[in-house]
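Going down the list, the sequences are from chains A and B. The first sequence begins at 1 in my numbering and counts up by one. The second sequence begins at 10001 in my numbering and counts up by one. Accompanying notes for the structure given below.
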Amino acid sequence: MSGYVPPTSTAAATTTTSTGEGRSVDYTCGDCNAAVSLKRGEPIRCRSCGHRVLYKQRTNRMVQFEAR
Amino acid sequence: MAPSRTSQKWGTDFDTVRRQKLFQNPPTDRTAYPALVEAIKPHIQSFNTILERGGILDHAIKDIGTKVFLDGDPYLADGQPRNKLSVRIRDVFIEKPLLPPTNKFALKERRIMPAEARERHGTYRGRMSVRLEYKINNDPWRDTVREMGQVPIMLKSNRCHLENMTPSQLVDAKEESEEQGGYFIVNGNEKLIRMLVVNKRNYPMAITRPSFANRGPTYSKFGVQIRCVRKDQTSQTNVLHYLNDGNINFRFSWRKREYLVPMMMILKALVETNDREIFEGIVGAAGSKGLQEKQFVTDRLEVLLRTYKVYGLQGKAKTRAHLGDKFRPVLRVAEDMSDEDAGTEFLKRIVLVHLGDGKVTDEQNADKFKLLLFMVRKLYALVEGDCAEDNPDAVQNQEILLGGFLYGQILKERLDEWLFSIRLSLQKWGRTSNWLSFTSPEFKKDFLSKVIRKTNENIGHDIEYFMSTGNLVSTSGLDLQQTSGFTVVAEKINFYRFISHFRMVHRGSFFAQLKTTTVRKLLPESWGFLCPVHTPDGSPCGLLNHFAHKCVLATHNVDVSAIPQLVAQLGVTSKSSASLNESVVVQLDGRVLGFCTPKQARVIGDTLRYWKVEGTHNVPLELEVGYVPNSNGGQYPGVYIFSQSARMYRPVKYLPLDKLDYVGPFEQPYMSIACTDPEIVSGESTHVEYDPTNILSIVANMTPFSDFNQSPRNMYQCQMGKQTMGTPGAAIRYRTDNKTYRLQTGQTPVVRAPLHNEYGLDNFPNGTNAIVAVISYTGYDMDDAMILNKSSHERGFAHGTIYKTKLCQLEEGSQRSRSAKSVQKLFGFAPGGLIRAQWRDTLDDDGWPHIGAQLQKGDILAAWHTVSYDPATGDYVNRDGRTEFIKYKDDETAFVDEVRIIGSENGNEPCQTISVKLRVPRSPVIGDKFSSRHGQKGVCSQKWPAIDMPFSESGMQPDIIINPHAFPSRMTIGMFVESLAGKSGALHGLAQDSTPFKFDEENTAVDYFGHQLKKAGYNYYGNEPMYSGITGQELAADIYIGVVYYQRLRHMVNDKFQVRTTGPVDDLTGQPVKGRKKGGGIRVGEMERDSLLAHGTAFLLQDRLMNCSDYVRTWVCRACGSFMSTSPTVSQYSRRKMGTGITRCRRCAKRADGFEPKAKVWEDGEGVRWTGGDDVAIVAVPGVLKYLDVEFASMGVKMRYKIDP
């Protein structure tokens, strides 16, 4: 975990960005808590225990709302 | 040293440290809350009996027996000997929920835990298989195991992984530490089979029903009905009908059809008998006392015996053959069975089945004969007026159909149907194979692979359908009066509601439609079994009851093998005397043990009771000894002993031995049970209640000082307690309910009954202790409104959250596991396509929302694109580069709380489903509903600034202000007492015992708590001088202020508000649509209209009914008064057929003949020229009026409007 990473494409990329083809995203296994990284189209299961429910991890993005 | 066992004793105290420790380290030995286990036990145990050794299914497969099918063309009667195929079910297995063998990835853990079923929105189910045995002719039996699909499994049952788990293991399995099970998980929903009230088994009930007389000529309203229950818990109801000429018919229903048989025929078929035996069996032994007075019965009996002679059936064998001949088509017996055997089968399957179903011995047939004779006696006694009718609405004549038993019955019927369906499959095979014989090698080859294969073996699917819809699809109807509404969702809004589902019992949806209210009445017989307080008001009132918290349900039969001998020793004879004053019956589970004198009957009842409490003579404690004494036209006397399951019973103290005794609803009306110790009448009371609060349900017990309240207020509290925003549980992270409520700042009540601890309700706090002042302040507390202290609100008072789970499925519907290759859609952005930054506001790289994303209406919840499988690369290829979205459609702002990625059971498919849990914060706002625990609900009307709130001499301010007018008419004194007790409890740091019936006239509650307050330096009466927050002046009166536990109810304005200026309208009428979701309006109905009329506010009325509704300006012809004949004209001269904006009436116009002045001629759209019809005008009318006109016209009715001036 790298902690908070400021968004690379800031104000300039308001309209479009191109796809990160096959970028993998980390998830947490619902049973053994292991980190599972999956790419697009990969079957859903934990690598270590074969569990079938994965949770999305907390985002490193900055989440900020206007408190009003 | 082994750690000491977890204590299961609870007191009145807060036990904060103990609970904290229980929470931090869930016990590894046993639960700390045995009362909770006890509450749900009937559900689990009834399910367990299905698969136990000697359980429901064991008896069921015995009852289903062997089915025999013959080969050859059934339409060809050539008398050739035909081969016999016999099939039977040997065993039924149900496995615990496991992964399918196709899943090759999970190696260590093959179990599917309930939490996974919830999270995947799946069904918690186990594989069912059947060992089928078959033989041809007299060959040895051969067997095969058939898979019957997967059936839903009850949690914590003997087929669940959670069975016997300790609280700490349960927490590891992602359950509540106090998970009790008792329900099923079907498609991610928690479902349970609701308990149902049915007639008491094996007891002949005398009933009069006017509808009986409608059955045909000579039928009377009298009948005796018995619901006979087989060992496998299936039942068959038999009814004897009294005919006005003295005859008796035997009625039963079989496969949803009703049949009537002369009662005499059944008697003669059961045993080899003669008219004298029947006569003496019904009237009484010859020479016995009172025979002369029995003229009524003797007359009728003569008719009975004489009219039966017309059948000319002599002897048992002939009678059975006659019955067999008539009933063999509906009984579905083997084709080669003799008529006599079919008749025997008839008696076995239909007549008094509780006295022997499997292999019926002669002795059992004699029992049936005796019971039938008894029923006839009772019927004649009823007609004669010697005994009263039994009330089927009284709990005395009722028992409970438990969920597990119903489940078992359905399983049995499915298995029976399946076994019989082999016959159809065989016939189909025979037809295609040109009626090859069963002995041919082709048959041997095809039997399993083709014949059995063609039958519908997926019983699991049927059961799952039943569980998810509650609809019973059945050929026999299972002797029940309803076909739907058997299952309910166990909503976990808060723990009160959840636990109530398991203590809930319904009278049957049949009774819900009944116009009469007799079935809904609270009868004194229900004392201690059904809670008198805990029933909803409104349509299900009195039909949906809850058990008293100490009421136990029997799930097993108790051993009564010793009883017949004991009764014989106490003195019964087999022959009865003619008079009821001479001899009364002794029955055990609907079996006549004999007859004895009424005096002796009393002795038998008393002695058995003494023995059963003492635990000697092998008389089980749970036995119900119903001694019905002789009376003047009351219930038919006798001793009726019940030992079987589905009974209710409850603990009371038996005074002679000072020991625990269980009493049932049948015996209770004839016993003298004192409510409290001082009420014991020496020489009369045999029992005393352990606690008067035993009659209340769990939820009703939680109302503090409920004995001080007017009773309907306690009912309202039972309602509202279940609608409170509370704590659904601790395992909220692993739940995926569609909607759950959560109170952020829950507290344990200062004022509570000790039962609160015993049921572990502190694990699920349901409200907040609030400082409540009863004062009319600012006027914003009028009419049940309450003022909230703004600073309390800001400190989090009653802050709540709603969790909603949205299921995003790409493959809608189809549950069958598709192969990974047939996937057509994938989550994520289309590769190669462009991704807008705006999309990335809520979504991550994977096309799923990130945790914490804020969602407004119309925001993106997930992205997907279409794909096709490329076998060459093994990859999914997207061809159009287009990304599509699933959107968030609700109106409220929500935050993404959890995102669950759900894989298939096989573990080899890409993601097709995600489940997103959204969090909607709900701080209290004006219009939200609150309530104390005394049925005193109110709506927050203002959040009043703290500086303007009134304050006491010590500077305290109330959290809540309520109006004094809330009390005089409602008489909720309990709330005052709670306020006092709460105040003193808070001052002294005590948990106050609020159990009802603890105080009396000498020791009043007010005095008790008043002194506590006095000790703390407060006013004895709970009043305090207060100062106006606005002027600072002391208020003229002292204000009643104290601590009351407040609940926040789930009804919130944000889910309800409805406002409209303009919006969608109905296509047909042009009027605004209805419904909050669609942005519709609220109807100004007839009564509202009347009131506006009465007020003379015509303009307002005009505005509501016309201008804001379907206001339409339209052309009308003044001459002929029609809307429909007007038509726009077309310019005669312009080339492009332009409209002129002038409208004319076609009906009043004449064809132009060319001589008119040009100005008077007009042309219609078809180019026809007309003249005249110019007396038209524009009027404003409601749009529906024009529609009405058209509707009338379509039926040939003309409407003509007079347009003045």
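Beta carbons are placed, not taken as given, at the ideal position from N, Cα and C, and that holds for glycine.
Backbone secondary structure at residue i - three-state DSSP
| i | result |
| --- | --- |
| E10892 (chain B) | coil |
| F10764 (chain B) | coil |
| I10775 (chain B) | coil |
| S10915 (chain B) | strand |
| S48 (chain A) | coil |
| M10165 (chain B) | coil |
| E66 (chain A) | coil |
| F10486 (chain B) | coil |
| V11006 (chain B) | helix |
| V10037 (chain B) | helix |
| N10397 (chain B) | helix |
| T10049 (chain B) | helix |
| Q57 (chain A) | coil |
| T10307 (chain B) | helix |
| R10840 (chain B) | helix |
| M10782 (chain B) | coil |
Whole-angstrom distance between residue j and residue i, CA atom to CA atom
| i | j | result |
| --- | --- | --- |
| E10147 (chain B) | R10127 (chain B) | 8 Å |
| T27 (chain A) | D10462 (chain B) | Note on residue identity: the sequence assigns Tyr, not Thr, to residue 27 (chain A). Answer to the nearest angstrom: the Cα atoms are 37 Å apart. |
| T10534 (chain B) | T10703 (chain B) | With the sequence shown as reference, residue 10534 (chain B) is identified as His, and Thr is not the correct amino acid for it. Roughly 11 Å between the two C-alpha positions. |
| P10958 (chain B) | D10677 (chain B) | 42 Å |
| Y10075 (chain B) | L10107 (chain B) | 56 Å |
| D11084 (chain B) | L11105 (chain B) | The sequence given here has Val at residue 11084 (chain B), not Asp. Their backbone Cα atoms lie some 8 Å apart in a straight line. |
| K10041 (chain B) | L10657 (chain B) | 28 Å |
| M10375 (chain B) | V10224 (chain B) | 7 Å |
| Q10513 (chain B) | P10081 (chain B) | 55 Å |
| Q11033 (chain B) | Y11027 (chain B) | 5 Å |
| D10661 (chain B) | T10028 (chain B) | 33 Å |
| A10785 (chain B) | L10196 (chain B) | 40 Å |
| K11202 (chain B) | R11118 (chain B) | 7 Å |
Chain-ordered chain B contacts of residue i [CB-CB under 8 Å]
| i | result |
| --- | --- |
| C29 (chain A) | Under the 8 Å cutoff, chain B gives no residues; its nearest Cβ is about 10 Å from C29 (chain A). |
C-beta neighbour in chain A for residue i, strict 7 Å
| i | result |
| --- | --- |
| N10908 (chain B) | yes |
| R10900 (chain B) | yes |
| I10860 (chain B) | no |
| I10732 (chain B) | no |
| G10903 (chain B) | yes |
| I10851 (chain B) | yes |
| C10551 (chain B) | no |
| C10911 (chain B) | yes |
| D11189 (chain B) | no |
Amino acids of chain A, ordered along the chain, whose beta-carbon sits closer than 9 Å to that of residue i
| i | result |
| --- | --- |
| A10820 (chain B) | P43 |
| W10848 (chain B) | V25 and K56 |
| Q10854 (chain B) | V63 and F65 |
| D10844 (chain B) | V25, K56, T59 and R61 |
| R10120 (chain B) | R52 and V53 |
Cross-chain neighbours of residue i in chain A, by beta carbon under 8 Å
| i | result |
| --- | --- |
| F10105 (chain B) | R45 and G50 |
| Y10876 (chain B) | R40 and G41 |
Partners in chain A for residue i, counting only beta-carbon separations shorter than 7 Å
| i | result |
| --- | --- |
| G10828 (chain B) | R40 |
| Q10809 (chain B) | Going along chain A, no residue has its Cβ under 7 Å from Q10809 (chain B), so there is no contact; the nearest lies around 14 Å. |
Rounded distance between the beta-carbons of residue j and residue i, thought under 8 Å
| i | j | result |
| --- | --- | --- |
| L10304 (chain B) | M10264 (chain B) | 6 Å |
| K10412 (chain B) | T10234 (chain B) | 6 Å |
| L10162 (chain B) | A10173 (chain B) | 6 Å |
| P10097 (chain B) | I10153 (chain B) | 6 Å |
Residue-chain proximity (residue i, chain B), Cβ-Cβ < 7 Å
| i | result |
| --- | --- |
| V53 (chain A) | yes |
Proximity test, residue i beta-carbon vs the ligand NAP heavy atom, cut-off 6 Å
| i | result |
| --- | --- |
| R10431 (chain B) | Here there are no bound small molecules, and the ligand NAP is not part of this structure. |
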